[in-house]
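Contents: one structure, followed by commentary.
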Amino acid sequence: MANQSGTTADLSAQILHALSHKDSIKSSSEFPTLPSTTVKSALDTLASRSMIKYETDTKEDVILEEEGEGILKDGSHEVRILHALQKEMEGLSLSELEDVIGDKKAVQLGSGKGFKNKWFSKEKSGKLVAKTTGDVEDVTRDQLRIVQQKHTYPDSKVVAELKKRKLVKTQKVISYTVYKDKEYALEIAKLQTDLTEEMLESGTWKTATFKKYNFNSLGSDQNAGALHPLNKVRHEFRQIFFEMGFEEMPTNKYVETGFWNFDALFVPQQHPARDLQDTFYISDPKVADRPYAESEEDSADYEAYWNNVKEVHQEGKYGSIGYRYPWAANESLRLVLRTHTTAISTAMLHKLASKKGPDGRPPPAKYFSIDRVFRNETVDATHLAEFHQVEGVIADYGLSLGGLMEFMRIFFTKMGIEDLRFKPAYNPYTEPSMEIFSFHKGLNKLVEIGNSGMFRPEMLEAMGLPKDMVVFGWGLSLERPTMIKYKVNNIRELLGHKVDLSFIEKNPAVRLEKA
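In the numbering used here, the protein residues as written are 3 to 517.
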């Protein structure tokens, strides 16, 4: 047996020396105590130089568990109980046996085997009495002795029984049969990795042995940047919108006035969404100027729009009775972190109202945006105070609620999300309104993935859009579809300080299963 060493270089030399007088060697015989991974590392080094070749041998050894080693030392539970009962002519109760044997579990298991072998019986008094006076063969102990010596047992049924009793376990053992190869030598030649200028000048390159290229080895980690999963899904969403003929809206304004964020959307100034517990308000400055036009000729239009919004809230207009409360201009000018990108959609629809198509009316339009919004939410597994909203708006003539539902099915099918569920809902600026649900396999429940509806006349006509123009609007978070696609159950593991950077680096680009 070779002297065993801990380093791969020393072990490689020992393997070569062991082969010097033999055609082949067995690693299990030469290096019985070394881990197979250590032996394989040395063998691979030698095999890469064509100095040796080897074959892998795999087998399963049967080895003793801790309880099995105890039985091998002291005897089986049933035989120990029998010996204890043979010493007490009047027998022993189970509690007395536990005191003698010192192991409650051993008494429970051994008594069952003893009754089966008819070695002892139970009297009316409850005591166990030995029925066998002579010595008995301890079959279990003999079986375990063979297992200890040979690491196997000829009868597989016996092995299965011993495993069931948790006396033995099987262990995979890997060993190697090693042979000499064409470049075999007792010493390992130093391999050159580079052809240097000095070698060319001296001519030593002619006799040098060069290390072969390993074309199967992986390249070193380049530590390159990686797109966040949210950005990957966002890219796919943008492609869907562009494919369906949408125009992207500018979303670079995180701070909005209450006018665009709430009032223009027909959200009353007493609505709970405008409370501090739902909306983040800016402290400095607290208020903004009134909405104004970029050009002087449009200023009258903006003034009319401001007054229309005030009237539709305060007195009612366009067939609506309004909310009938004193509308406050200062409340409308308070600055907030936008709670939805619908504030941008409103501004875009207001600009659309001033455009004229060939028929003198505003032309049909499709807008979308994907960007951050902010709400004073309680953070949990499915909610964050800062998240991304995907929003789409379609303005056209002759649209209906059925058309909105069908469009939602087409839109979400392009993302690979099918079998939608619609639920009636309330939004101040859409009527009718619907929440959209889809089944999340990770959370094992229906999850709301979007909200939708048809914008109210109080909102559209106030900005100058004609009565027969209908506008669909819908929104969904970017996080929830991303969670579904990447099987993330907690939104805090997707965005925020708890995100694992390796999750971002290693996850592949998402591909929405477009139908």
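Backbone N, C-alpha and C define an ideal beta-carbon position, used for all residues, glycine too.
The model shown is predicted, which means the values in this text are computed figures rather than measured ones.
Residue of the options minimising C-alpha distance to residue i
i: G455; options: V395, I412, L229, R292; result: V395
i: D46; options: K319, S14, V311; result: S14
i: S301; options: V257, Q173, H352; result: H352
i: S440; options: A108, W207, Q194, M485; result: M485
i: E249; options: S347, M201, K500; result: S347
i: E32; options: T179, Q145, Y399; result: T179
i: V149; options: E139, G466, A49, Q173; result: Q173
i: L169; options: H79, D59, L480, P459; result: H79
i: R458; options: K358, V314, I493; result: V314
i: Q151; options: L354, L66, A20, Q194; result: L66
i: I242; options: T415, V472, E57; result: T415
DSSP three-state assignment for residue i, whether helix, strand or coil
i: P274; result: helix
i: F311; result: One detail in the question is off: residue 311 reads as Val in this sequence, not Phe. It is helical.
i: P483; result: helix
i: T341; result: coil
i: D286; result: coil
i: S371; result: strand
i: M53; result: coil
i: H230; result: coil
i: L66; result: strand
i: G224; result: This sequence places Gln at residue 224; Gly is not what is there. If DSSP states are grouped into helix, strand and coil, Q224 belongs with coil.
i: A11; result: helix
i: L74; result: helix
i: Y155; result: coil
i: V180; result: strand
i: T206; result: helix
i: T348; result: helix
i: R143; result: helix
i: T60; result: strand
i: K28; result: strand
i: R458; result: coil
i: F244; result: helix
i: S123; result: strand
i: A517; result: Caution applies to A517, whose pLDDT of 44 falls short of 50 and renders its modelled position unreliable; the value that the coordinates give is listed next. Here A517 sits in coil by DSSP.
i: E258; result: strand
i: R494; result: helix
i: E379; result: coil
i: V501; result: coil
i: F530; result: Outside the displayed span of the chain (3 to 517) sits residue 530, for which this structure offers no information.
i: V269; result: coil
Outcome for residue i when other beta-carbon atoms lying within 10 angstroms are tallied against a minimum of 16
i: F217; result: exposed
i: V490; result: buried
i: A517; result: With a pLDDT of 44 at A517, under the threshold of 50, the predicted position of this residue should be treated as unreliable, though the coordinate-derived value follows. It is exposed - the Cβ of A517 has fewer than 16 other Cβ atoms within 10 Å.
i: S371; result: buried
i: M91; result: exposed
i: V381; result: exposed
i: Q391; result: buried
i: T209; result: exposed
i: S504; result: exposed
i: Y399; result: exposed
i: F212; result: exposed
i: S113; result: buried
i: D373; result: buried
i: K508; result: exposed
i: I412; result: exposed
i: S177; result: buried
i: R423; result: exposed
i: F261; result: buried
i: Y256; result: exposed
i: L197; result: exposed
i: P34; result: exposed
i: Q145; result: buried
i: N332; result: exposed
i: Y56; result: buried
i: A306; result: exposed
Beta-bridge partners of residue i, as assigned by DSSP
i: G477; result: E393, N453
i: S322; result: Answer by DSSP bridge pairing: none, since S322 is not bridged.
i: P37; result: The partner list for P37 (beta bridge, DSSP) is empty, contrary to what the question assumes.
i: L94; result: L130
i: V170; result: L66
i: F239; result: None; F239 has no bridge partner.
i: L448; result: F441
i: Q110; result: Answer by DSSP bridge pairing: none, since Q110 is not bridged.
i: E388; result: F376
i: M471; result: Y399
i: R336; result: V289
i: E249; result: Y369
In chain order, what are the residue ranges of uninterrupted alpha helix (DSSP H) at least 4 long that sit wholly in the segment 403-446? 403-415
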